[in-house]
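The structure under discussion appears below in the form of structure tokens.
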Amino acid sequence: MDRRASLGLVLGFVGVLMFGATLPVTRFALADLDPWAITFGRAAVAGVAALALVLASGRPWPFAARGTFRDLAIGSSCLVIVFPLLIGLAMQTVPAAHGGVVVGLLPLLTALAAVLFAGERPGAPLFVASATGAALVAAFALRNGGDGGVRAGDMMLFAGVVAAAVGYGVSGRLLRQMAGWEVIAFMLILALPVTLPVALATYPWGKAVSTAALVSVLYLGLFSQFIGFFFWNAGMAMGGVARVGQMQLLQTFVTVGLAWPINGETPDAETLFFALGVVLVVAVAQRVSARKSRGTAVPPG
């Protein structure tokens, strides 16, 4: 694996560290706000910040190009509205640590999205690792669903993960013509005419909202929805959508770890077992993928 790809993995992991707090912080904010207020509130905060950054930078607006506008619209719908809303609804019925393991399905779907939208051809080790990780996640969800089934929250998480994977796939295509921060910034700006008024309409103006809940929404808006994507998109541009997408398996560990101090969810042995399983899967996949890359490299000259 060359230095550029390695740096891409590092940047992707920094993004994952920021994303990893999303489920615990969302669940915490649900004490005072409903999922709609959280979703559109975080999107509005991020959208205003993105608009300020783009105006300050003087970057040209890319909406005139038909293909670019289409991809920005798809990515905006998936990453700014659908995914955050579905995880917010899911966090009403499942623990954050549980949700963190279910989100471990994301690398498999991201690898598929990289093929469909970004034209990538990930090697077999990445698909094998993603499928293995997905099997572990499915087993975990079934064991913890109650009555041998899967909870409604699991289904919402899965649908959200599909939306996120599609968003990452079209982001990979946009990264060929735009900087990583521009991709998420213009997605947020494109959604702002919807997210800002809906945020104002869904905020419980007549109810006392704690400072902690408001700070939670600020974190979700500035880090989970905006700054985290600076690192994540830059990482995908350097290391590839499918390969860097495997870093999302590590997000499981981050989420489980943060759910303890934030939500008081003490991780049990089973949760730790499945979380460790998906982490080992991604570690093996990256090692095998790196060996394959070195073995097939064309000598200079």
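To convert, note that position 218 of the sequence shown is 218 in full-length UniProt numbering; the numbers rise steadily by one, no gaps.
Built from N, CA and C at the ideal position, the CB exists for glycine as well.
Asked, Found
"Helix, strand or coil at Ser210 according to DSSP, with G and I counted as helix", "coil"
"Counted within 10 angstroms of its Cβ, other Cβ atoms place Gln177 as buried (16 or more) or exposed", "exposed"
"Extent of the continuous alpha helix (DSSP H) run through Ser76", "Here Ser76 belongs to no alpha helix (DSSP H), and DSSP marks it neither H nor E."
"Inter-stretch contact at 8 Å, needing at least 3 Cβ pairs: the region 241 to 260 / the region 93 to 108", "yes"
"Top-ranked residue by Cα proximity to Val256, from Leu9, Asp2, Leu23, Val14", "Leu23"
"Outcome for Glu270 when other beta-carbon atoms lying within 10 angstroms are tallied against a minimum of 16", "exposed"
"Arg59, enclosing alpha helix (DSSP H) - first and last residue", "Premise fails: Arg59 is in no alpha helix (DSSP H) and is neither H nor E."
"Euclidean distance between Cα positions of Gly15 and Thr266", "24 Å"
"Residue-chain proximity (Ala49, chain D), Cβ-Cβ < 8 Å", "Of the chains in the structure shown, none is chain D; there is only one protein chain."
"Buried/exposed call for Asp147, threshold 16 Cβ in 10 Å", "Residue placement at Asp147 cannot be trusted, given a pLDDT of 48 that sits under 50; the coordinates are not used to answer."
"Boundaries of the alpha helix (DSSP H) in which Met18 is found, first to last residue", "3 to 19"
"The region 132 to 143 touching the region 78 to 87, judged by at least three CB pairs closer than 8 Å", "no"
"The region 36 to 51 in contact with the region 204 to 223 per 3-pair CB rule at 8 Å", "yes"
"Straight-line Cα distance separating Thr110 from Arg4", "20 Å"
"Residue burial classification, Ser224 (beta-carbon count within 10 angstroms, cutoff 16)", "buried"
"Under 8 Å between C-beta atoms of Leu11 and Phe186", "no"
"Three-way DSSP call (helix, strand, coil) for Ala64 in this model", "coil"
"Residue closest to Leu51, alpha-carbon to alpha-carbon, out of Gly8, Gly100, Ile184", "Ile184"
"Where Leu55 falls, given that 16 or more other Cβ within 10 Å makes a residue buried", "exposed"
"Continuous alpha helix (DSSP H) stretch holding Leu174: start and end", "152 to 174"
"Any 3 or more C-beta pairs closer than 8 Å across the region 158 to 175 and the region 83 to 90", "yes"
"Buried versus exposed call for residue 304 [16 or more other C-beta atoms within 10 Å across all chains shown]", "No statement about residue 304 is possible, as the shown extent of the chain runs from 1 to 301 and does not include it."
"Cut-off 6 Å between Cβ atoms - residues of its own chain near Met238, not counting five sequence neighbours on either side", "Arg4, Leu7, Gly8"
"Cα-Cα separation, Gly20 to Ala65", "34 Å"
"Cβ distance (whole Å) where Leu30 is taken to contact Gln92 below 8 Å", "6 Å"
"Best match in Ala96, Leu112, Ala46, Ile74 for proximity to Leu222 [C-alpha to C-alpha]", "Ala46"
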